[in-house]
């Protein structure tokens with residue numbers, strides 16, 4: 564499980580799931596909800612969130628798979644031809660709420676939206692060359 568920050572605050576997505584916090588719902592299923600995020604990056608940006616609290620996508624692969632299925636169903640229902648489905652694991656990977664959530668982000672040509680991992684880094688990461696004593700892989 565990801566080392567999530569300790570806090571006295573309740574999980575905001577659990578609060579929404581139980582009706583103790585407001586949200587704009589896009590859809591709801593028995594196992595997940597879809598809501599508009601507080602700060603959508605483009606029109607139609609939606610969060611798909613499991614009703615079961617899991618920290619991130621590696622925490623419970625079955626819940627992650629079911630949540631991804633709901634995101635795919637929503638993508639089809641909304642007739643999104645171009646979209647990103649994005650999730651993160653851990654603060655260094657830009658996870659800010661430690662309850663699994665998938666960002667379904669509609670895309671359009673020249674929408675100007677850079678993916679989160681577009682860092683502008685100029686140095687390429689390459690695989691190290693094999694040691695001189697090793698035989699080349701064929």
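Numbering (my numbering), first residue to last: 564 to 701. The beta-carbon is built from N, C-alpha and C at its ideal position, and this holds for glycine as well.
Should residue 630 be labelled buried (16 or more other beta-carbon atoms within 10 Å of its own) or exposed? buried
Please report the straight-line C-alpha distance between residue 620 and residue 571, rounded to a whole angstrom. 23 Å
Whose CA, out of 646, 608, 670, 666, lies closest to the CA of residue 627? Measuring from the Cα of residue 627, the nearest candidate turns out to be 666.
Around the Cβ of residue 651, are there at least 16 other Cβ atoms within 10 angstroms (buried) or fewer (exposed)? buried
To the nearest angstrom, how far is it from the Cα of residue 672 to the Cα of residue 646? Going by the C-alpha atoms only, they are around 11 Å apart.
Report yes if the C-beta distance between residue 663 and residue 604 is below 8 Å; otherwise report no. no
Check whether the Cβ atoms of residue 589 and residue 609 sit closer than 8 Å, and answer yes or no. yes
For residue 701, does the count of other Cβ atoms within 10 angstroms reach 16, so buried, or fall short, so exposed? Confidence at residue 701 is low in this model, with a pLDDT of 44, below 50, so the placement of that residue should be treated as unreliable; the coordinate-derived value is given next. Exposed, by the Cβ-count rule.
Can residue 660 and residue 575 be called in contact, C-beta distance under 8 Å? yes
DSSP state of residue 602 mapped onto helix, strand, coil: coil
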